[in-house]
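Structure first, then comments.
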Ligand code: ADP
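In my numbering, the protein residues as written are 639 to 1071.
This is how it looks when you write it as structure tokens:
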């Protein structure tokens, strides 16, 4: 601010000096040219009209001859003698410095050329002329300093007000951080648009954080819930078994239940670990050139074997070459096909196809099973989400979310179309090479 003020003052000084200089020369030119009309030369005789001015404000006028001899008028007393011998230089207003004093001089020739050289000389001491302008300049300096002072005071008041508002917002943020009260929001109804925008941005961030916290809590409770059931079954089984397992058959049944439930726990923990490794980028993708046909062929065979004659899986496989981690892509294909089998009606049909299109390569899995409600479609890729829990025979709701994560890690996606009671079609899209 101070620097700007100093620069402005220097600029005003320079500009006003240039303007005053121009003004002085203009006035001198006008006055001398005008005054020269009143002098004439006739048959070597110099005729000076009564209207000829010898002084006009700070300008002194003289009628002189070629070698400087004065015909009429007088130099002011304080003019130094060198200036009196200044050579003639017609029609130019020039600056002359004599003994540290600055003058502006203009000579104009009068009469016709064959007459002897007679000239009107105008001379002005710049210091005198400047003094007329100095008052205006000083007033403008004062005005400018005044304006700067007003701006400075306004700026001080404004910044004080803004920092007060910001301090209030900081206190709110601090209290949210300390009390972890995610329901609080920044409130601002003041006049500063920028602060309002900042408050809105902060509130949006808090909305997202609140949602993340909520999902985190939901996730913890889901994990606990999913693990509780098999553990409870195992505990009950153990309590029952205590001293009551008489026969070999009962013992085998007991082992079977414990085995299934611990397998379920193992699957949940295994999938959660995979999630956390993918989330933290700790799971390295071992990318290699793969044809999705090969993966699908193997998985279909496996799943058909598991399903027996409850479902018929048919394949229509075309070349679909991509770069991918064969192990992870296999997990996705397994999830999609096993879901299709799981949610098919008895003796249902599952169709699996692979191929390429303009956007990339794909694996499409179509079933004619129970389908998914439209309202539930946006949620099925969330962890632990199961549509209408009573319908879901097995599973914990981690398969699709893990599959989507793997697809995204490969730069791909999973698309779903479904009609309740009609069936679903899940398509995994990956990049073509
Ligand atoms: P789950 O292990 O329970 O199958 P997923 O994450 O694979 O978990 O699927 C989430 C939910 O999406 C399932 O519980 C099911 O309700 C629904 N779903 C997935 N695939 C299908 C499908 N092919 N047909 C009908 N519903 C499906």
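Glycine included, every Cβ here is placed at the ideal spot set by N, Cα and C.
Within the DSSP bridge table, the entry for residue 992 names 955, 1001 as partners. In chain order, 658 place their CB closer than 6 Å to the CB of residue 771, counting only its own chain and leaving out the 5 sequence neighbours on each side. For the 9 Å CB-CB criterion, residue 749 and residue 670 do not form a contact.
Under the three-state reduction of DSSP output, residue 901 falls in the helix class. With respect to the 9 Å criterion, residue 971 and residue 955 are not classified as neighbours on the basis of their beta carbons. Per DSSP, residue 1039 has no beta bridge partner at all. Of the residues assessed, residue 1061 falls on the buried side of the cut-off, its CB having 16 or more other CB atoms within 10 angstroms.
Residue 1033 and residue 986 have their C-alpha atoms some 20 Å from each other. Inter-segment contact for the segment 1054-1069 and the segment 991-1006 is present: three or more beta-carbon pairs are separated by less than 8 Å. When the alpha-carbon of residue 864 is set against those of 966, 938, 1022, the nearest one is in 1022. Taking 4 residues as the minimum length, the alpha helix (DSSP H) runs contained wholly in the segment 807-894 are 831-879, in order along the chain. Within the model, the alpha-carbon separation for residue 1038 versus residue 797 is close to 53 Å. Near ligand 1, meaning a Cβ closer than 5 Å to any of its heavy atoms, lie the following residues in chain order: 977, 978, 981, 1010, 1018, 1024, 1025, 1030, 1033, 1035, 1037, 1038, 1062. Put simply, the backbone Cα of residue 706 is about 45 Å away from that of residue 780. Counting every other CB atom within 10 Å of its CB across the protein chains shown gives residue 832 a total below 16, marking it as exposed. For residue 763, there is no enclosing alpha helix (DSSP H); the residue is found in the beta strand (DSSP E) stretching over 756-763.
By the criterion of a C-beta distance shorter than 7 Å, residue 662 is surrounded in its chain by 742, 762, 764, 767, once the five residues flanking it on both sides are discounted.
Judged by DSSP in its simplified three-state form, residue 937 adopts helix. As the crow flies, the alpha-carbon of residue 650 is around 10 Å from that of residue 643. In the assembly as shown, residue 708 is an exposed residue. Its beta-carbon has fewer than 16 other beta-carbons within 10 Å. Secondary structure note for residue 698: its beta strand (DSSP E) is the uninterrupted segment 697-703. Counted as a single uninterrupted DSSP element, the beta strand (DSSP E) harbouring residue 680 occupies residues 677-680. The Cβ atoms of residue 937 and residue 968 sit closer than 9 Å to each other. One alpha carbon belongs to residue 856, the other to residue 994, and they sit about 39 Å apart. In the DSSP assignment, the residues bridged to residue 693 are 698. Residue pairing for residue 733: DSSP places it in a beta bridge opposite 742. Relative to residue 1017, the option among 728, 1035, 899 whose CA is nearest is 1035.
Rounded to whole angstroms, the separation of the alpha carbons of residue 917 and residue 1069 is 21 Å.
Distance between residue 1009 and residue 1001, taken at the CA atoms: about 19 Å. Collapsing the DSSP output to three states places residue 917 in a helix. Taking C-beta atoms as the reference points, residue 1045 and residue 999 fail to come closer than 9 Å.
With respect to the C-alpha of residue 828, the residue from 811, 819, 803, 948 having the closest C-alpha is 803.
When secondary structure is reduced to three states using DSSP, residue 1063 falls in the strand class. Positions of the beta strand (DSSP E) runs, each at least 3 residues long and wholly inside the segment 646-678, cannot be given because no such run exists. Between residue 926 and residue 966, the gap from beta carbon to beta carbon reaches 9 Å or more. Annotation for residue 720: the continuous alpha helix (DSSP H) segment containing it runs 719-722.
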